[in-house]
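Trainee: This is the structure, below, for whatever I ask next.
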Amino acid sequence: MADAVTSRESDYSQWYIDVVRKAKLADYSPVRGCMVIRPNGYALWERMKETLDGLFKATGHENFYFPLFIPERFLAREAEHVEGFAKECAVVTHSRLTLNEEDELIPDPESKLEENLIVRPTSETIIWNTYADWIQSYRDLPLLYNQWANVVRWEMRTRLFLRTMEFLWQEGHTAHASKEEAVEEAERMLDVYATFAEDYMAIPVVRGRKTASERFAGAVDTLCIEALMQDGKALQAGTSHFLGQNFAKAFDCTYTDENNEEQYVWATSWGVSTRLIGALIMTHSDDQGLVLPPKLARDQVVIVPIYFNDEQRTQVLEEAQRIQQELDDADIRVKLDADDNQKPGWKFNEYELQGVPLRIGIGPRDIENDNVELARRDTREKNIVPQDGLVARIQDTLTDIQDGLFQQALERREAHTTTVDSYDAFKDVIENEGGFVKAHWDGTEATEARIQDETGATIRCIPFDRDDEPGEDMLTGEHSEGRVLFAKAY
RNA sequence: CGGGGCGUGGCGCAGUCCGGUUAGCGCACCUGCUUUGGGAGCAGGGGGUCGCCGGUUCAAAUCCGGCCGCCCCGACCA
Numbered sequence: 004m005a006d007a008v009t010s011r012e013s014d015y016s017q018w019y020i021d022v023v024r025k026a027k028l029a030d031y032s033p034v035r036g037c038m039v040i041r042p043n044g045y046a047l048w049e050r051m052k053e054t055l056d057g058l059f060k061a062t063g064h065e066n067f068y069f070p071l072f073i074p075e076r077f078l079a080r081e082a083e084h085v086e087g088f089a090k091e092c093a094v095v096t097h098s099r100l101t102l103n104e105e106d107e108l109i110p111d112p113e114s115k116l117e118e119n120l121i122v123r124p125t126s127e128t129i130i131w132n133t134y135a136d137w138i139q140s141y142r143d144l145p146l147l148y149n150q151w152a153n154v155v156r157w158e159m160r161t162r163l164f165l166r167t168m169e170f171l172w173q174e175g176h177t178a179h180a181s182k183e184e185a186v187e188e189a190e191r192m193l194d195v196y197a198t199f200a201e202d203y204m205a206i207p208v209v210r211g212r213k214t215a216s217e218r219f220a221g222a223v224d225t226l227c228i229e230a231l232m233q234d235g236k237a238l239q240a241g242t243s244h245f246l247g248q249n250f251a252k253a254f255d256c257t258y259t260d261e262n263n264e265e266q267y268v269w270a271t272s273w274g275v276s277t278r279l280i281g282a283l284i285m286t287h288s289d290d291q292g293l294v295l296p297p298k299l300a301r302d303q304v305v306i307v308p309i310y311f312n313d314e315q316r317t318q319v320l321e322e323a324q325r326i327q328q329e330l331d332d333a334d335i336r337v338k339l340d341a342d343d344n345q346k347p348g349w350k351f352n353e354y355e356l357q358g359v360p361l362r363i364g365i366g367p368r369d370i371e372n373d374n375v376e377l378a379r380r381d382t383r384e385k386n387i388v389p390q391d392g393l394v395a396r397i398q399d400t401l402t403d404i405q406d407g408l409f410q411q412a413l414e415r416r417e418a419h420t421t422t423v424d425s426y427d428a429f430k431d432v433i434e435n436e437g438g439f440v441k442a443h444w445d446g447t448e449a450t451e452a453r454i455q456d457e458t459g460a461t462i463r464c465i466p467f468d469r470d471d472e473p474g475e476d477m478l479t480g481e482h483s484e485g486r487v488l489f490a491k492a493y
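Using the working numbering, the first residue of the first sequence is number 4, and each one after it goes up by one.
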């Protein structure tokens, strides 16, 4: 193959970049650390967005939109929040450009802003500033809102989709009258994320709680879903935060309860980003390129016509169009590639690189025998199958691919999840095998920091479903309430 | 922020060490014919201020000085 991607074994990092670029998901942009999301990549994001948006609406949320710019003083209001984000903010200081004596374009000193504006790294502050106006009474609660937006975090080190300076995401921001209700909301939305990851993206995830050091800046509690990539590194795929009354207090957001008493509002926020595309790639794709789960593929089936002369071309295309129509009628997303400029062989390779789950090849031979050639992207199996019953067969196969991808990822995760009881064993697994490691931890930040320092592994989460199994910290021997999940992470 | 790499038609590169015809190759692109079941063949054609600025020289992609940009790898982070 002329345009092969680097193999995962020889250079995982280069493989990832090759997949992104050769599947035409994204390009580098002229701006350092930012990317151009190409139509193939954006189509994926659109499908994710549509699906998630439906799940948000189904759980009672509405969309709104807040400004890209946040007044600098807002960010300063919540102490931990500033501390967490101050290091990575883009700051707008001027409102126009002008030419200097050397004819160079510079920010016009005359136009210096009275107050700097921050390009949002997240929107809690500006939203809670407004919630303070919207909320007076317990009757105004809850507020269940979400926004689809871009945010900017000035990163040192970037990687396509996984960490770029600007990225697309959704951020849900809810306000509640009680702590219980807010906690429940944070849990509900984590569940929505987990469902989405597993049922649509075919990515098995561990649901859990972050330790204090990994918590969102300004949150009381951060819940997360963690996924394991093919190279044995963990990736945080979504977070949901119980914010307590931190932002309500910072922005003086109170309501009057049933007893006419003033109370601070309880809050949550939750988000997933285009980073999920990175997770998708690193979960399912192979050395032939992208592999997409059928539920998220823009094109679930591509039809490649094969012919040797004009007469055959007419005949084959007619047949191909008929099949296309049948599939379309059955709500299968299908593309017929009748482009005359590329040969079938070229198309086969191209659609494999782009991860289209199923390919139908149809040529004179097939027409004669009422067959088509059906090729699966995930297993790379090819079969000659009868046209009779094709729609049902394709529906079944798509389901099979979707389930198979999840199953395969789940098995890989299980195979790369190790339970250890000694620090030596821990270091050995982290160093040589990677993956998730279940081990006892004494619950202190000091121990957590030392482990990270010495091994590079962090506590990904305290899993919700961990066994009730007290023990002793592998490092300090102190009491541990149960095992936590360690891994090296993206 | 440290370490490494790279900057030459749209893309990938060679040429740079050791200065010297008209800057070359593959892919892509355009035209034509033949082709089409796993990245087609032949013929013809178009496209470059060699990242930028300065210096040395009869002569600079090549040597010297400075600057800029991007990518990769590590520490911090969705």
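Beta carbons: idealized from backbone N, C-alpha and C, even for Gly.
1) Pop quiz: L293 and L193 are said to be a contact at Cβ under 8 Å. What is the actual Cβ separation, rounded to whole angstroms?
2) The beta strand (DSSP E) spanning I40 covers which residue range?
3) Going by alpha carbons, who is nearest to S425 out of Q398, Q455 and G480?
4) For the structure I just gave you, are there three or more beta carbon pairs, one from the region 136 to 146 and one from the region 230 to 249, closer than 8 Å?
5) DSSP beta-bridge partners for P74?
6) Where does T461 land, buried or exposed, given buried means 16+ other C-beta within 10 angstroms?
7) Got a sec? Which residues, its chain only, sit under 8 Å from R191 by beta carbon, not counting five neighbours each side?
8) So who's on the other strand from E201, going by DSSP bridges?
9) Just list the alpha helix (DSSP H) runs in the region 381 to 469, keeping only unbroken ones of 4 residues or longer that don't cross its boundaries, in chain order.
10) Could you check if D21 is buried or exposed, using at least 16 other CB atoms within 10 Å of its CB as the buried criterion?
11) When the Cα of I73 is compared with those of L47, R218 and T133, which residue comes out closest?
12) Return the CA-CA distance between A230 and F59, expressed in angstroms with no decimal places.
13) Quick one, are the C-beta atoms of A395 and K385 less than 8 Å apart?
14) Ignore the nearest five residues each way along the sequence and tell me which others in D373's own chain have a CB closer than 8 Å to its CB.
15) Quick check on the DSSP output: the beta strand (DSSP E) that includes S272 runs from which residue to which?
16) Determine the contact status of G211 and F467, defining contact as a CB-CB distance below 8 Å.
17) Once you ignore the five residues that flank I404 on each side, which residues in its own chain have a CB closer than 6 Å to its CB?
18) Could you give the residue range of the alpha helix (DSSP H) that holds N103?
19) What do you reckon, are the CB atoms on I284 and Y19 nearer than 8 Å?
20) Can you check whether the CB of E322 is closer than 8 Å to the CB of I370?
21) Are there 16 or more other CB atoms within 10 angstroms of the CB of I121, so buried, or fewer, so exposed?
22) With a floor of 3 residues, list each beta strand (DSSP E) that falls wholly inside the region 304 to 374, ordered by position along the chain.
23) If you compare alpha carbons, which of E104, Y68 and H443 is closest to I129?
24) State the start and end residues of the unbroken alpha helix (DSSP H) segment that holds E83.
25) If you reduce the DSSP assignment to three classes, tell me which class Y134 lands in.
26) Quick check on M4: does DSSP put it in helix, strand or coil?
27) Answer yes or no: do P112 and L100 have a C-beta to C-beta separation smaller than 8 Å?
28) Suppose you measure from the CA of A3 to the CA of C92; what does that come to, to the nearest Å?
29) Quick check on the DSSP output: the beta strand (DSSP E) that includes Q173 runs from which residue to which?
30) How is I206 classed by DSSP in three states: helix, strand or coil?
31) State yes or no: is the C-beta of T177 within less than 8 Å of the C-beta of L147?
32) CB G474 to CB H443, shorter than 8 Å?
33) For M4, count neighbouring C-beta atoms within 10 Å of its own C-beta (all shown protein chains included) and say buried if the count is 16 or more, exposed if not.
Mentor: In short:
1) L293 to L193, Cβ: 28 Å. No contact.
2) M38 to I40
3) G480
4) no
5) L120
6) buried
7) T62
8) The partner list for E201 (beta bridge, DSSP) is empty, contrary to what the question assumes.
9) 393 to 418, 426 to 435 and 448 to 458
10) buried
11) T133
12) 22 Å
13) no
14) P389, Q390 and D391
15) W269 to S276
16) yes
17) P297, P360 and D381
18) Per DSSP, N103 belongs to no alpha helix (DSSP H) and is neither H nor E.
19) yes
20) yes
21) buried
22) 304 to 308, 337 to 339 and 361 to 365
23) Y68
24) A82 to F88
25) helix
26) Interpretation of M4 is limited by its pLDDT of 36, a score under 50 that renders its predicted location unreliable; no figure is taken from the coordinates.
27) no
28) A question about residue 3 goes unanswered here, because the residues of the chain that appear run from 4 up to 493.
29) E169 to H179
30) coil
31) yes
32) yes
33) Because M4 sits at a pLDDT of 36, beneath the cut-off of 50, its placement in the model cannot be relied upon, and the following sentence gives the value as read from the coordinates. So M4 counts as exposed.
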